[in-house]
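Student:
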DNA sequence: CATACAAATTTGTATATACAGGTTTCCAAC
DNA sequence: GTTGGAAACCTGTATATACAAATTTGTATG
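Residue numbers (our numbering), protein chains in the order written: chain W, 2 to 236; chain C, 2 to 236.
#1: Output needed in chain order: residues of the segment 166 to 197 of chain C with a Cβ under 8 Å from some Cβ in chain W.
#2: Please list the partners that residue 63 (chain C) has in chain W, where partner means a Cβ-to-Cβ separation under 8 Å.
#3: Within the same chain, show all residues whose beta-carbon is closer than 6 Å to that of residue 36 (chain C), passing over the 5 residues directly before and after it, in chain order.
#4: Rank W:15, W:187 and W:217 by C-alpha distance to the C-alpha of residue 140 (chain W) and give the top, closest one.
#5: Determine, for residue 142 (chain C), whether the minimum Cβ-Cβ distance to residues of chain W falls below 8 Å.
#6: Just to make sure I have the definition right: I need the residues of chain C whose C-beta is within less than 9 Å of the C-beta of residue 1 (chain W). Which are they?
#7: Between C:39, C:180 and C:226, which lies nearest to residue 230 (chain W) when the distance is taken from Cα to Cα?
#8: Would you say residue 1 (chain W) reaches chain C, if we count a Cβ-Cβ gap shorter than 8 Å as a contact?
#9: Report all residues from its chain with a CB closer than 7 Å to the CB of residue 54 (chain W); omit the five preceding and five following residues, and keep chain order.
#10: What's the gap between the Cα of residue 130 (chain W) and the Cα of residue 128 (chain C)?
#11: Residue 202 (chain W) and residue 202 (chain C): beta carbons closer than 8 Å?
#12: What number of angstroms, rounded off, separates the C-alpha of residue 44 (chain C) from the C-alpha of residue 18 (chain W)?
#13: Relative to the C-alpha of residue 173 (chain C), which candidate in C:103, C:196, C:185 and C:149 has its C-alpha closest?
#14: Reducing DSSP to helix, strand and coil, say where residue 154 (chain W) ends up.
#15: Hey, quick one: how far does the beta strand (DSSP E) through residue 204 (chain C) stretch, first residue to last?
#16: Would you give the residue range spanned by the beta strand (DSSP E) that residue 220 (chain C) belongs to?
#17: Have a look at C:32, C:226, C:20 and C:104 and flag the residue whose alpha-carbon is nearest the alpha-carbon of residue 132 (chain C).
#18: Give the secondary structure of residue 11 (chain C) by DSSP, where H, G and I count as helix, E and B as strand, and everything else as coil.
#19: Residue 97 (chain C) bridges to which residues according to DSSP?
#20: Three-state secondary structure (DSSP) at residue 35 (chain W)?
#21: Taking residue 56 (chain C) as the query, report the chain W residues whose CB atoms sit under 8 Å from its CB, ordered along the chain.
#22: Does the distance from the CB of residue 68 (chain W) to the CB of residue 143 (chain W) come in under 8 Å?
#23: Checking 8 Å against the spacing of the C-beta atoms, do residue 125 (chain W) and residue 106 (chain W) come in under that value?
#24: Tell me whether residue 91 (chain C) is buried or exposed, calling it buried when 16 or more other Cβ atoms sit within 10 Å of its Cβ.
#25: Sorted by chain position, which residues of the same chain lie with C-beta nearer than 6 Å to residue 119 (chain C)'s C-beta, five sequence neighbours on each side aside?
#26: How far does the beta strand (DSSP E) with residue 6 (chain W) in it reach, from first residue to last?
#27: Report the rounded CA-to-CA distance for residue 28 (chain W) versus residue 216 (chain W), giving the unit in angstroms.
#28: Alpha carbon to alpha carbon, how far is residue 121 (chain C) from residue 110 (chain C)? Give it in angstroms, no decimals.
#29: Please name the residue in W:100, W:108 and W:195 whose C-alpha comes closest to that of residue 157 (chain W).
#30: Quick one, are the C-beta atoms of residue 50 (chain W) and residue 24 (chain W) less than 8 Å apart?
#31: Return no unless some Cβ of chain W is closer than 8 Å to the Cβ of residue 85 (chain C).
#32: Per DSSP, residue 175 (chain W) is paired with what?
#33: Select from C:208, C:175, C:154 and C:168 the residue whose C-alpha is nearest the C-alpha of residue 98 (chain C).
#34: How is the alpha helix (DSSP H) around residue 73 (chain W) delimited, first residue to last?
#35: What do you reckon, are the CB atoms on residue 206 (chain C) and residue 167 (chain C) nearer than 8 Å?
#36: Could one say the Cβ of residue 227 (chain C) lies closer than 8 Å to chain W's Cβ atoms, at least one of them?
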């Protein structure tokens, strides 16, 4: 097991403390000076952790005042997804496989261009339904190139985060991505899976996800009913 | 005129170079060492600029390799909005005032709770239509508390960015925010302004924007037709 | 020619330090 | 008591430095 960088450890510790409610919105985090002493680190290191918390919307900083806790980002965190943060992080969030991973030729990648290497390698395709509180929320179509993923189709992704899976099995981590957002009318298929009326407005999210393995991208298309939950993000 | 921090200047210079196409996707930026020499700065300063470019999706970094240009984020950058970056940044993007700023009592702030100070001060309310390429794209409803904004309603916001306006007139800058995203059916009013058919799916964005002035928030509701343009963001 | 290894290059992490600028606190002067 | 201002505290910016880790390049050896 490789060790996380220290600024990451501080980030995770503080993030969890906020998410668990040990800090209430409005609270002041310990000053950078105090955090340095507590973790025996230099200030730039602590600041890097705090910068990440600001970027993820957990805190807000004010010069001369301190770091004010804003609380854990609420809602279904698919827009944020910053680093390993995000995570829907609710115990009642389940994943159901609709279509098991299978090998296909590429046709297109939700509007994103694919490179020759990906084209040649073929496409691992699968579909999942994300269920929250017994109600279907996301319909998730994933495509990724069949490059250096031995036995991928043999594994069972049920209730396992794809990102965690790729990280533990293949040492592939997410480094960033691009997404396009549209409002569309639900078609028959989406209607059935998401339990909405035909023609209801739903969100369509086309995502190209960059990874630590150069040239290896994950393409994902998400359909989402926002009747019960809106998508939430911070900036 | 106050001076921008140096890391910000480097960021802006490189960002513009990428946006203007002086770097093509796939190109390598000069190494951090070279940039240090070019701008006569220390490496942490240059790195801070590059970190920002990564966060905004302009480049991608690989250890041992360098900074790879990804290109300017395409689409209408309302989700990104990272810092002062974002900016739609297209010359054919215009703003039309539908309803001039007027003083109102608060009723609600698009689902966000408002504090007592804001409640008491009253609400400056106005509506704008954002037009791109002769086609209406955003319908934008803005509410902000009437605190320390002398003569606000007297100014003309036509074709002026609200954020730039607040910064130059009142030294208020945007530090972050939260947004909720929904897919809805266009009602009669939205249909007329956005030129879509009644019942068409459109995006609704409820935003609470934090500023450098503590306790001063901007509340904004945006309706957006994604028929021609999708909203694009990076993470 | 091909392989293996060493060296150079480049980004990642971390420390120590300094000063500027905003905020709060507290005390002295009026 | 109130006001003014100094001091303490806190975050923002910037530098100089060191070593680790990944990648590329060059070189020498078989």
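In this text, a Cβ means the ideal position worked out from N, Cα and C, and glycines have one as well.
Tutor: Looking at the atomic coordinates:
#1: Using a CB distance below 8 Å, the part of the segment 166 to 197 of chain C facing chain W consists of 176, 177, 178, 179, 180, 181, 182, 183, 184, 185 and 186, ordered along the chain.
#2: 215
#3: 47
#4: W:187
#5: Cβ-Cβ to chain W under 8 Å: no for residue 142 (chain C).
#6: In the structure displayed, chain W extends from 2 to 236; residue 1 (chain W) sits before or after that span and is not available.
#7: C:180
#8: With chain W represented from 2 up to 236, any question about residue 1 (chain W) goes unanswered, as that position is not in the structure.
#9: 12, 15, 16 and 60
#10: 39 Å
#11: yes
#12: 33 Å
#13: C:149
#14: Assigned with DSSP and collapsed to three states, residue 154 (chain W) falls in helix.
#15: 202 to 212
#16: 218 to 225
#17: C:226
#18: helix
#19: C:130
#20: helix
#21: 56
#22: no
#23: no
#24: Because the pLDDT of residue 91 (chain C) is 47, which lies under 50, any placement of that residue in the model is unreliable, and the number read from its coordinates should be weighed accordingly. Residue burial is scored here from C-beta neighbours: residue 91 (chain C) has fewer than 16 other C-beta atoms within 10 angstroms and is therefore classed as exposed.
#25: 146
#26: Where residue 6 (chain W) is concerned, there is no enclosing beta strand (DSSP E), given that its DSSP letter is neither H nor E.
#27: Between residue 28 (chain W) and residue 216 (chain W), the C-alpha separation is close to 43 Å.
#28: 14 Å
#29: The closest CA to that of residue 157 (chain W), considering only W:100, W:108 and W:195, is found on W:100.
#30: no
#31: Because residue 85 (chain C) sits at a pLDDT of 28, beneath the cut-off of 50, its placement in the model cannot be relied upon, and the following sentence gives the value as read from the coordinates. Taking Cβ atoms only, chain W never reaches closer than 8 Å to residue 85 (chain C), which makes this a no.
#32: W:212
#33: C:154
#34: Unbroken run through residue 73 (chain W): none, as it is neither H nor E.
#35: no
#36: yes
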